[in-house]
Amino acid sequence: MDTYNKQSLSTVRASHRRDRDNFKDTALGLVSTLSFPAIVGTADMMLKSAGVHLVGYEKIGSGHCTAIVRGGIADVRLAVESGVQTAEQFGQLVSSLVIPRPFPNLDVVLPITNRLSKYMEEGSYSRLSNLAIGLVETRGFPAMVGACDAMLKSADVQLAAYEKIGAGLCTAIIRGSVANVAVAVEAGMYEAERIGELNAVMVIPRPLDELEQTLPVASCWIEERQPIKMPVNIKEQVAELEILQLPDLAKLPAKVTEELWNDE
């Protein structure tokens, strides 16, 4: 028992040493906004401005959304700076933070590394990948539903999913070509303002793969390999076929032979 405990302790210590080595030259960057379209646009700019990885979003209610990125210290600083400028342009910036060399225990409490590994390992494919993204955020569900209807009727786009972030804010996410998404978003804006309150809009022409993996997609657009459907019990079906086979003519009664002789 003591030997087992010593081995477990040494394994844990080795794991902590590996974590410290992995986090030695990395940083954690966070930018927070008051809108889901704004945080998606901010994350897109952060990915395109520096060599960082998008871990995902943290939604804590009341419209507060935070984009979390990971990478080298210099890259994260540059990405956060670009994200802050983008969020300020939208008028939705709340706060930002850069943590150089975060301690491994921070990832245990906040499952940042696990979430990043999950995004990297997922193999599901969406037919909406590599299409432009359009986001229309309203305050109130009826306004969002009306905006979705207007967008689908005005251009050749698909409704991928919708997102709720609290404070009555909900975002419709559409996919399609750049031109169709731009037309649809404009139609959705007017309809949302007519029904209720429009909060924010966003069009992202060329989303990166990491941004794709962090956005919600309706299950109907996710393709998975389906197993081949085989009969439940093959032996029973074979037995039924054997029953339907024709009888052996050599074993028929002799009377049948006599009747055939008389007919001739």
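Take the sequence shown: its position 75, counting from 1, is numbered 74 in numbering that gives the first Met the number 0, and each next residue is one higher.
Cβ coordinates follow ideal geometry from the N, Cα and C atoms, glycine included.
Can you give the Cα-Cα distance for residue i and residue j, rounded to whole angstroms?
i, j, result
"GLY82", "ASP74", "12 Å"
"ALA131", "ASN179", "9 Å"
"GLN91", "ARG138", "15 Å"
"LEU27", "CYS64", "16 Å"
"ALA86", "MET44", "10 Å"
"VAL108", "MET150", "41 Å"
"LEU46", "GLY167", "29 Å"
"THR41", "PHE35", "10 Å"
"GLU57", "LYS152", "32 Å"
"TYR3", "ARG100", "Its pLDDT being 46, under 50, TYR3 is placed unreliably by the model, and the measurement read from it follows with that caveat. Taking the straight line joining both Cα atoms gives about 33 Å."
"GLU190", "VAL156", "16 Å"
"LEU77", "VAL51", "10 Å"
"ARG69", "PRO204", "24 Å"
"GLU209", "VAL39", "11 Å"
"CYS147", "ASP24", "44 Å"
"GLY267", "LEU214", "Residue 267 falls outside the range modelled here, since the chain spans only 0 to 263, and no answer is possible."
"VAL216", "ILE173", "10 Å"
"PHE22", "ILE72", "Because PHE22 carries a pLDDT of 49, less than 50, the predicted location of this residue cannot be relied on, and no value is offered for it."
"GLU185", "GLY165", "24 Å"
"LEU105", "CYS169", "30 Å"
"GLN212", "GLN84", "24 Å"
"GLU80", "ALA49", "10 Å"
"ALA37", "GLY175", "20 Å"
"ILE98", "GLY133", "31 Å"
"GLY60", "LYS163", "9 Å"
"LEU207", "SER94", "24 Å"
"VAL177", "ASN129", "11 Å"
"LEU96", "GLY187", "34 Å"
If residue i sits next to residue j, beta carbons under 8 Å apart, how far is it from one beta carbon to the other, in whole angstroms?
i, j, result
"ALA183", "ALA154", "4 Å"
"VAL135", "ALA171", "5 Å"
"ALA199", "PHE102", "Not really, about 35 Å apart at Cβ, beyond 8 Å."
Tell me, which residues are paired with residue i by DSSP?
i, result
"TYR189", "According to DSSP, TYR189 bridges with nothing at all."
"ALA66", "VAL30 and TYR56"
"MET201", "LEU134"
"PRO99", "ALA26"
"GLY71", "THR25"
"GLU196", "ARG138"
"LEU92", "THR32"
"VAL51", "GLY70"
Start-end ranges of the beta strand (DSSP E) lying completely within the stretch 135-183, minimum 3 residues | 157-165 and 168-175
With a cut-off of 8 Å, do at least 3 Cβ pairs link the stretch 53-68 to the stretch 31-41?
-> yes
Is the number of C-beta pairs between the stretch 141-152 and the stretch 183-194 that are closer than 8 Å three or more?
-> yes
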